[in-house]
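Protein chains in written order, with this note's numbering: chain A, 1 to 461; chain B, 462 to 922.
All C-beta atoms, glycine included, are put in the ideal place defined by N, C-alpha and C.
Remember, it's a predicted structure, so these values are computed and weren't measured experimentally.
Take a look at the structure set out below.
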């Protein structure tokens, strides 16, 4: 342990000489980099560095590798499962100064960005090209962070997740080499899919420094609506019907009774406090009208209330603001509470069952946990409102979360649809994948034999 | 070498005891399993086995692993880059008797099949469900083979490739363990993406025995058309315009002048012998009409001739039959010739340049090579017609193919969009990926330390 300590100190001293003010050991800076937006305990790194180029990242990793010092990549810290905690100390690589949009091709509908570029910044930049990047996990995360956690969010039902929308990556390996995982061709059958290996690897296999993304044309028409339902089954049957009809819905989001109550309180709205779908349609004017009509028909058959429409940009933004503020609205339900955000994903045929049993669990508990879901994909979230300093509450969240995860696995689902494993879901990986985890472990060992890349996340060696 | 020989003999003897008639050492059977549909030399395996369950495959691989005997998975042999050649002898696992459709879920729009199920068989089976599996590489390949080569084809521009449409796999590892790469949830952020690691791995990391696929609703309306253009640039500008407008075209296929001539001769048609697009639109009646109208407008702006439409199923089938017969039509251009089918993929902005330079090359050669392309993705094929026993012709194809590959790489493209590496593109992998090949090699070593899984393909150890 003392040797490890000495090695880290040496690493920091060497890097300080190289980076000067772009290395910080200030306690406040280190603490901010040792925590995410969820409940996980702070584990501050020993130093935070702010590189500006892939070559600088490679140099930093080489110094860390030489001394066996842990490396923790960091975007803006909006992850939710303890991904950025420096469990064994080490050097946090903050990529926020690598925020350059390297190249846009309107003809090829793709873009290359440095890993620190944020989602909203990218779409601002693209505005005049008529293109946009649809993946929207809620937070204004970095593209690098979104890639590393295989993020998705509200638009995934139509546009896919980061898995489908990353075309190529530049990565610094655990020994400080720089590799490109693919070229810009839309498809390739040339060798193992290194791109997908790094998407969702949570910094445990290398540092992602540049990302080439697929873009989409801004739709000619967009229309959004919300609609409440007499019960959860009716809402989910509407979702299943919509997907089965092949309607290319852009967003189809579910909020439960409690979450609607929270949104009403937080944003001074008066929506019915009932299971509610937030919908958005993209396409030509005619196509959007047709999609909307069909979904309205399906919803009506399931006993839905009236649709409230928003077609003007500002009205759509207001409607989606309520959805995007869901987590903050939930937090406001209980003054001083922290949130434990969890997510699972199940086959859509099992979604109603999974949600209803989960709501039953929560109704029998003394804690509150509003529910929101990207239900077109069978993915939903709970936000547990709790006091992490209260052992009884902590134990209760752990119990409810574990029941949720095991229920999802029993329904052929996954322990996390989009938040990732980090440390929070580490214990469920073997339950989900069984023997396949041994292959993941072999990959980790092959890519990072000294276990310096974000150690303690995803895979325990 | 003699020790390797003795080990293979022992393996075959042990397996013969276990499998009886489901192991063949008949020369004709072995030869048929040692070649694909392209020009590559036959390398017959020492034995061919016909397992019926994943457990039997695992047992076979365990016996092979014990004796260091190569294992070559085999579907129906429609691959094109030497994937099934038993370069070092060994046991070919023919999966054609594993042709059971295990499970269909209409609600979840997914299906699980054994690896030996063929594409057309699957769609026959699905017909009454209102669902279909769109990936169409032309050949009636097995789903296992399509997964192993990361196949795509005519529908990929809308529905993606096998990369996007495989949800989960059952795989037998190189030491004979059985793993499942994922559950049935539409998305997951739980650990490394083992599914995508095996998609496109060409049998070099393990044997795929079951595949869970994403399905789609059969569109309410489908309409197909063909349209000829005054030149290659006009055709490709139409493709780029179509994609940029966000038109969800289901198929957009390019055939060059020579290929159109071949199709006319082969199928007794009288299409103009000019660059021609074959198009298909899927959606609601209204959406299909709108898509068709918009594309017609774009094509007209680019100087296209009249569209010839096909909406009735039999008319559409006739139109696509001409496209699907393209390779046979090409072969018929030169009596007794063999085909060397190659494919590359480039960013669509570079497609015209790549195709025109390639056509120029061919026009200066003494060989013929008609061109067809899945051009919505920037992917196109050449079929060289040649006599493999003529050294001068062989050298000329090698020269033209290498120029094509290097041109594609120079344009930020890939050496193969969908055929895979096999042995045919082995030499180009480092040219394409550089340092990243070392990571592929580490993956191969980690997954298959004894190098028994389809040795000599993708990666040279």
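Helix, strand or coil at residue 450 (chain B) according to DSSP, with G and I counted as helix: Any question about residue 450 (chain B) goes unanswered here, given that chain B covers just 462 to 922.
Neighbour-count burial assignment, residue 574 (chain B), 16 or more Cβ in a 10 Å radius: Counting from one through the second chain, the residue named residue 574 (chain B) turns up at place 113. If you draw a 10 Å sphere on the C-beta of residue 574 (chain B), you find 16 or more other C-beta atoms in it, and that means buried.
Within-8 Å CB hit, residue 822 (chain B) to chain A: In the second chain, residue 822 (chain B) corresponds to position 361, counting from 1. Not closer than 8 Å to any Cβ of chain A, the Cβ of residue 822 (chain B) fails to qualify, so no.
Neighbour flag for residue 539 (chain B) against chain A, beta carbons, 8 Å: As a working mapping, residue 539 (chain B) is identified with position 78 in the second chain. Any Cβ of chain A closer than 8 Å to the Cβ of residue 539 (chain B) would place that residue at the interface, and such an atom is absent.
Whole-angstrom distance between residue 758 (chain B) and residue 601 (chain B), CA atom to CA atom: For the purposes of this step, residue 601 (chain B) is taken as residue 140 along the second chain, with counting starting at 1. For the purposes of this step, residue 758 (chain B) is taken as residue 297 along the second chain, with counting starting at 1. Take the alpha-carbon of residue 601 (chain B) and the one of residue 758 (chain B): they are about 35 Å apart.
Interface partners of residue 720 (chain B) on chain A, CB under 9 Å: Here the question's residue 720 (chain B) lines up with position 259 in the second chain. Per Cβ cutoff of 9 Å: no residues; residue 720 (chain B) is ~21 Å from chain A at best.
Cutoff 8 Å: residue 677 (chain B) Cβ touching any chain A Cβ: Position 216 of the second chain holds residue 677 (chain B). It does: the Cβ of residue 677 (chain B) has a partner Cβ on chain A nearer than 8 Å.
Check whether residue 876 (chain B) and residue 790 (chain B) have beta carbons under 8 Å apart: Numbered from its first residue, the second chain carries residue 876 (chain B) at position 415. Numbered from its first residue, the second chain carries residue 790 (chain B) at position 329. Cβ atoms of residue 876 (chain B) and residue 790 (chain B): not closer than 8 Å.
Rounded separation between residue 830 (chain B) and residue 846 (chain B) - CA only: Stepping through the second chain from its first residue, residue 830 (chain B) is reached at position 369. Stepping through the second chain from its first residue, residue 846 (chain B) is reached at position 385. Cα to Cα, residue 830 (chain B) sits roughly 6 Å from residue 846 (chain B).
Any non-hydrogen atom of the ligand HEM closer than 7 Å to residue 155 (chain A) Cβ: Questions concerning the ligand HEM fall outside what the structure shown contains, since it holds no ligand whatsoever.
Buried or exposed by the 16-neighbour rule on C-beta atoms within 10 Å, applied to residue 481 (chain B): In the second chain, residue 481 (chain B) corresponds to position 20, counting from 1. So residue 481 (chain B) counts as exposed.
Alpha helix (DSSP H) runs contained entirely in the segment 130-211 of chain A, provided each spans 4 or more residues: 143-148, 156-159, 162-165, 194-198, all fully within the segment 130-211 of chain A.
Contacts of residue 881 (chain B) in chain A (Cβ-Cβ under 7 Å): Sequence index remark: in the second chain, residue 881 (chain B) carries index 420 (1-based). Going along chain A in sequence order, the residues near residue 881 (chain B) (Cβ under 7 Å) are 189.
Contact with chain B by residue 148 (chain A), beta-carbon distance below 8 Å: The residue you call residue 148 (chain A) lines up with position 148 of the first chain. Output row for residue 148 (chain A): interface = no.
Beta-carbon proximity list for residue 916 (chain B), same chain, < 7 Å, skipping 5 on both sides: Numbered from its first residue, the second chain carries residue 916 (chain B) at position 455. If we look at residue 916 (chain B) and ignore the five residues flanking it on each side, its Cβ neighbours are 531, 548, 549.
Reduced DSSP secondary structure (H/G/I, E/B, other) of residue 562 (chain B): Numbered from its first residue, the second chain carries residue 562 (chain B) at position 101. Here residue 562 (chain B) sits in strand by DSSP.
Residue range of the unbroken alpha helix (DSSP H) whose run includes residue 793 (chain B): Your numbering for residue 793 (chain B) matches position 332 in the second chain. It is not in any alpha helix (DSSP H) - residue 793 (chain B) carries neither H nor E in the DSSP assignment.
Rounded C-alpha distance that separates residue 680 (chain B) from residue 593 (chain B): Along the second chain, one-based indexing puts residue 680 (chain B) at 219. Along the second chain, one-based indexing puts residue 593 (chain B) at 132. So the two alpha carbons sit approximately 9 Å from each other.
Short CB-CB distance (under 8 Å) between residue 455 (chain A) and chain D: Considering every chain present, this structure includes no chain D. Its protein chains are A and B.
Nearest-angstrom Cα separation, counted from residue 584 (chain B) out to residue 595 (chain B): Taking the first residue of the second chain as position 1, residue 595 (chain B) is located at position 134. Taking the first residue of the second chain as position 1, residue 584 (chain B) is located at position 123. Their backbone Cα atoms lie some 9 Å apart in a straight line.
Among B:665, B:513, B:643, B:611, the one whose alpha carbon lies nearest that of residue 545 (chain B): For the purposes of this step, residue 545 (chain B) is identified with residue 84 of the second chain, where counting begins at 1. Looking only at B:665, B:513, B:643, B:611, the smallest Cα-Cα distance to residue 545 (chain B) is reached by B:665.
Beta carbon proximity, residue 284 (chain A) to chain B, threshold 8 Å: Taking the first residue of the first chain as 1, we reach residue 284 (chain A) at position 284. Yes, residue 284 (chain A) counts as interfacial toward chain B.
Span separating the alpha-carbon of residue 629 (chain B) from that of residue 656 (chain B): Within the second chain, numbered from 1, the residue matching residue 629 (chain B) stands at position 168. Within the second chain, numbered from 1, the residue matching residue 656 (chain B) stands at position 195. Pairing residue 629 (chain B) with residue 656 (chain B), the inter-Cα distance amounts to about 6 Å.
Identified DSSP bridge partners for residue 801 (chain B): Walking along the second chain from the start, residue 801 (chain B) turns up at place 340. Answer by DSSP bridge pairing, in chain order: B:845.
Euclidean distance between Cα positions of residue 913 (chain B) and residue 637 (chain B): As a first step, residue 913 (chain B) must be located in the second chain, where it is residue number 452. As a first step, residue 637 (chain B) must be located in the second chain, where it is residue number 176. Roughly 12 Å between the two C-alpha positions.
Sub-8 Å separation of residue 671 (chain B) and residue 563 (chain B) beta-carbons: Taking the second chain and counting its residues from 1, one reaches residue 671 (chain B) at position 210. Taking the second chain and counting its residues from 1, one reaches residue 563 (chain B) at position 102. In this structure, the beta-carbon distance from residue 671 (chain B) to residue 563 (chain B) falls below 8 Å.
Environment of residue 874 (chain B) [buried if 16+ CB atoms lie within 10 Å]: Start at 1 with the first residue of the second chain, and residue 874 (chain B) comes out as number 413. Taking every protein chain shown into account, the CB of residue 874 (chain B) has 16 or more other CB atoms within 10 angstroms, so this residue is buried.
8 Å Cβ cutoff met for residue 166 (chain A) and residue 199 (chain A): Walking along the first chain from the start, residue 166 (chain A) turns up at place 166. Walking along the first chain from the start, residue 199 (chain A) turns up at place 199. Yes. Within cutoff.
Local conformation of residue 119 (chain A) per DSSP, three classes: Taking the first chain and counting its residues from 1, the one referred to as residue 119 (chain A) is at position 119. When DSSP states are grouped into helix, strand and coil, residue 119 (chain A) belongs to the helix group.
Between the CA atoms of residue 136 (chain A) and residue 267 (chain A) - distance to the nearest angstrom: Position 267 of the first chain, counted from the start, is the residue given in the question as residue 267 (chain A). Position 136 of the first chain, counted from the start, is the residue given in the question as residue 136 (chain A). Spanning the two alpha carbons is a distance of roughly 21 Å.
Within 8 Å, strictly: CB atoms of residue 235 (chain A) and residue 254 (chain A): In the first chain, counting from the first residue as 1, residue 235 (chain A) sits at position 235. In the first chain, counting from the first residue as 1, residue 254 (chain A) sits at position 254. Taking C-beta atoms as the reference points, residue 235 (chain A) and residue 254 (chain A) count as a pair closer than 8 Å.
Sufficient close CB pairs (3 or more, under 8 Å) joining the segment 737-753 of chain B to the segment 283-294 of chain A: Contact holds between the segment 737-753 of chain B and the segment 283-294 of chain A, because three or more Cβ pairs, one in each stretch, are under 8 Å apart.
Chain-ordered neighbours of residue 451 (chain A) on chain B, where CB pairs are closer than 7 Å: Mapped onto the first chain, residue 451 (chain A) falls at position 451. None at all; the shortest Cβ gap to chain B is about 15 Å.
Contact list for the segment 282-307 of chain A against chain B, Cβ threshold 7 Å: Within the segment 282-307 of chain A, the residues whose Cβ lies closer than 7 Å to some Cβ of chain B are 284, 286, 287, 290, listed in chain order.
With 16 other Cβ atoms within 10 Å as the buried cut-off, status of residue 895 (chain B): For the purposes of this step, residue 895 (chain B) is taken as residue 434 along the second chain, with counting starting at 1. Counting every other CB atom within 10 Å of its CB across the protein chains shown gives residue 895 (chain B) a total below 16, marking it as exposed.
Below-8 Å beta-carbon distance, residue 807 (chain B) vs any chain A residue: Taking the first residue of the second chain as position 1, residue 807 (chain B) is located at position 346. Interface residue, yes.
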